[in-house]
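Residue 72 in the UniProt record's numbering sits at position 72 of the sequence shown; the count goes up by one each step and never skips.
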Amino acid sequence: MTALFRPAELCADGDKFLQLGDLEKATSFYMSAFRTHATLAVSHMRNLDTSSCEKVIATLEGWLDSDGDNQPKENLHNGLAAVFLSTLRPNNLTATVFKMETLLRSDGRNCEEIFARCTSLLESKRGPHPKGRMRVLLEITRALACLFSQRHSWQGLRLYLQTYQRNKQETVELVQKRQTAHLPKIKKAFTDTLMQTFPCLGLDSKWTETSKETNKMDVEDSSAAIEFLLALSPDDKDIQELQAAFLFLTGRFVDSSEVYSALLNQGDCQKTP
Numbered sequence: 001m002t003a004l005f006r007p008a009e010l011c012a013d014g015d016k017f018l019q020l021g022d023l024e025k026a027t028s029f030y031m032s033a034f035r036t037h038a039t040l041a042v043s044h045m046r047n048l049d050t051s052s053c054e055k056v057i058a059t060l061e062g063w064l065d066s067d068g069d070n071q072p073k074e075n076l077h078n079g080l081a082a083v084f085l086s087t088l089r090p091n092n093l094t095a096t097v098f099k100m101e102t103l104l105r106s107d108g109r110n111c112e113e114i115f116a117r118c119t120s121l122l123e124s125k126r127g128p129h130p131k132g133r134m135r136v137l138l139e140i141t142r143a144l145a146c147l148f149s150q151r152h153s154w155q156g157l158r159l160y161l162q163t164y165q166r167n168k169q170e171t172v173e174l175v176q177k178r179q180t181a182h183l184p185k186i187k188k189a190f191t192d193t194l195m196q197t198f199p200c201l202g203l204d205s206k207w208t209e210t211s212k213e214t215n216k217m218d219v220e221d222s223s224a225a226i227e228f229l230l231a232l233s234p235d236d237k238d239i240q241e242l243q244a245a246f247l248f249l250t251g252r253f254v255d256s257s258e259v260y261s262a263l264l265n266q267g268d269c270q271k272t273p
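Take a look at the structure:
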């Protein structure tokens, strides 16, 4: 009986804060109870009225979807929040995406399974298709899994570009926020493919290592790729140089000279004491 007292007490404290409208503290107490005794905590949550339970679920989703500003402070981490959320609401998309992102961050394995799972969710015939921000998040998660797959890495680049062209601002924001650790790999994959397509863009030895892929981008895709890279890293001089060289190569000499001039001005400003 004593073993059940602690989680029951935590749930009771959660109820108090829930009544006060403090959803963050209430959810933290419920999570602590879940960590201590999952069965009791879940049973307690399912006995709450629908509105209260939905508020807790929305708070958990907010934590998993944030950068950390609104995270629980009592040493509770997102992994537990994802498990708690998926227990309360099986197949919850926020929890599902978080778990897939965690797998991709940890070792990059299970790429094929993650790609298939994202595709299934995006093309689901059993329920409404994901929309808005969640759809973009699923699309870039699928693109990353595809990029990490040796068999489909070229397709991953195309998936990124397709998502970017449909929703530029949301795609850039989510890649910067949710795939920060992968940005160097994403940029390298694009630049390697661009260098393979247009070898004369190789202005520096650091760009000479090319992808093993046999696929190449056409001019339109290459232009979109450079635009995407600049949106992700607007201050990256290497990408700016790549843009200038590409503009020159495609006959846009005035635009190319403007980019080169801007780069030279940046260099002069840095040299000025």
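Backbone N, C-alpha and C define an ideal beta-carbon position, used for all residues, glycine too.
| Buried or exposed: which applies to histidine 129, given that a residue is buried once 16 or more other Cβ atoms fall within 10 Å of its Cβ? | As a position in the sequence shown, residue 129 is number 129, starting the count at 1. Classification of histidine 129: exposed, given that the 10 Å Cβ count is below 16.
| Leaving out five residues before and five after phenylalanine 17 in sequence, what residues of the same chain have Cβ atoms less than 6 Å from its Cβ? | Taking the first residue of the sequence shown as position 1, residue 17 is located at position 17. Correct list, in chain order: Lys25, Ala26.
| For proline 90, does the three-state DSSP call read helix, strand or coil? | Taking the first residue of the sequence shown as position 1, residue 90 is located at position 90. Taken through DSSP and simplified to helix, strand or coil, proline 90 comes out as coil.
| In angstroms, rounded to a whole number, what distance separates the CA positions of tryptophan 63 and lysine 99? | Taking the first residue of the sequence shown as position 1, residue 63 is located at position 63. Taking the first residue of the sequence shown as position 1, residue 99 is located at position 99. For tryptophan 63 and lysine 99, the gap between their C-alpha atoms comes out near 14 Å.
| field | Anticipated Cβ contact below 8 Å, glutamine 196 with lysine 177, distance rounded | value | The residue given as residue 196 occupies position 196 in the sequence shown. The residue given as residue 177 occupies position 177 in the sequence shown. Not quite, the Cβ-Cβ distance comes to about 29 Å (not below 8 Å), so this is no contact.
| Touching or not, the segment 172-188 and the segment 248-265, by the rule of three or more beta carbon pairs under 8 Å? | Here the segment 172-188 does not lie against the segment 248-265, with fewer than 3 beta-carbon pairs under 8 Å apart.
| request: Would you please state the rounded distance, in angstroms, between the beta carbons of leucine 122 and arginine 135? I believe it to be under 8 Å. | output: In the sequence shown, the residue the question calls residue 122 occupies position 122. In the sequence shown, the residue the question calls residue 135 occupies position 135. So it is a contact: roughly 7 Å between Cβ atoms.
| query | Which first and last residues belong to the alpha helix (DSSP H) in which phenylalanine 246 is found? | reply | Taking the sequence shown and counting its residues from 1, the one referred to as residue 246 is at position 246. Per DSSP, phenylalanine 246 belongs to the alpha helix (DSSP H) from 237-249.
| message | Let's see if you can read the secondary structure: which residues bound the alpha helix (DSSP H) around phenylalanine 190? | response | The residue you call residue 190 lines up with position 190 of the sequence shown. Segment 183-197, the alpha helix (DSSP H) holding phenylalanine 190.
| task | Output yes or no for whether 8 Å exceeds the beta carbon distance between glutamate 101 and threonine 141. | result | As a first step, residue 101 must be located in the sequence shown, where it is residue number 101. As a first step, residue 141 must be located in the sequence shown, where it is residue number 141. Glutamate 101 is a Cβ neighbour of threonine 141, given a cutoff of 8 Å.
| So, are the CB atoms of leucine 10 and threonine 36 less than 8 Å apart? | Here the question's residue 10 lines up with position 10 in the sequence shown. Here the question's residue 36 lines up with position 36 in the sequence shown. With respect to threonine 36, leucine 10 sits close: the two C-beta atoms are nearer than 8 Å.
| So glutamate 139 and leucine 161 are in contact, right, with Cβ under 8 Å, and what is the actual spacing, rounded? | Position 139 of the sequence shown, counting from 1, holds the residue named residue 139. Position 161 of the sequence shown, counting from 1, holds the residue named residue 161. At roughly 11 Å, the Cβ-Cβ gap does not stay under 8 Å, so glutamate 139 and leucine 161 are not in contact.
| query | Relative to the alpha-carbon of valine 172, which residue among Cys111, Pro234, Lys55, Leu85 has its alpha-carbon at the smallest distance? | reply | Translated into positions along the sequence shown, residue 172 becomes position 172. The shortest CA-to-CA distance from valine 172 to any of Cys111, Pro234, Lys55, Leu85 is the one to Pro234.
| request: Taking only the alpha-carbon atoms, compute the straight-line gap between glutamate 258 and arginine 105 and give it to the nearest angstrom. | output: The residue labelled residue 258 in the question sits at position 258 within the sequence shown. The residue labelled residue 105 in the question sits at position 105 within the sequence shown. Whole-angstrom Cα-Cα distance: 39 Å.
| Status (buried if at least 16 other CB within 10 Å, exposed otherwise) for serine 32 | Taking the first residue of the sequence shown as 1, we reach residue 32 at position 32. The residue is buried, with at least 16 neighbouring Cβ atoms inside 10 Å.
| message | What does the alpha-carbon distance come out to for the pair residue 284 and phenylalanine 34? | response | In the structure as shown, the chain starts at 1 and stops at 273, and residue 284 therefore has no counterpart that could be examined.
| field | Secondary structure of leucine 48, DSSP reduced to three states | value | On the sequence shown, residue 48 is found 48 positions in, with the first residue counted as 1. In the structure shown, leucine 48 sits in coil (DSSP, three-state: anything other than H, G, I, E or B).
| task | Return the chain-ordered list of same chain residues with a C-beta closer than 7 Å to the C-beta of glutamate 112, the five sequence neighbours on each side being excluded. | result | To locate residue 112, count along the sequence shown from 1; it is residue 112. Ser149.
| Residues near alanine 231 in its chain [Cβ-Cβ closer than 6 Å; skip 5 each side] | The count along the sequence shown starts at 1 and reaches residue 231 at position 231. If we look at alanine 231 and ignore the five residues flanking it on each side, its Cβ neighbours are Val172.
| At which residues does the alpha helix (DSSP H) containing cysteine 111 begin and terminate? | Looking up residue 111 in the sequence shown gives position 111. Where cysteine 111 is concerned, the enclosing alpha helix (DSSP H) stretches over 111-122.
| field | Inter-residue spacing [alpha-carbon to alpha-carbon] between aspartate 49 and glutamate 227 | value | Position 49 of the sequence shown, counted from the start, is the residue given in the question as residue 49. Position 227 of the sequence shown, counted from the start, is the residue given in the question as residue 227. Rounded to whole angstroms, aspartate 49 to glutamate 227 spans 49 Å at the Cα level.
| query | To which residues of the same chain is serine 52 closer than 8 Å at the C-beta, ignoring the five residues directly before and after it? | reply | As a first step, residue 52 must be located in the sequence shown, where it is residue number 52. Around serine 52, the same chain offers Leu18 as residues with beta carbons nearer than 8 Å, after the five sequence neighbours per side are excluded.
| query | In the structure shown, what three-state DSSP assignment does arginine 133 receive? | reply | Taking the first residue of the sequence shown as 1, we reach residue 133 at position 133. In this structure, arginine 133 counts as helix in the three-state DSSP scheme.
| task | Give me the Cα-Cα distance between cysteine 200 and leucine 194, rounded to the nearest whole angstrom. | result | What you label residue 200 is simply residue 200 of the sequence shown in a count that begins at 1. What you label residue 194 is simply residue 194 of the sequence shown in a count that begins at 1. Taking the straight line from one Cα to the other gives about 10 Å.
| What's the call for asparagine 91, buried or exposed, on a 16-neighbour Cβ count within 10 Å? | Reading the sequence shown from its first residue, position 91 is the one you call residue 91. The residue is exposed, with fewer than 16 neighbouring Cβ atoms inside 10 Å.
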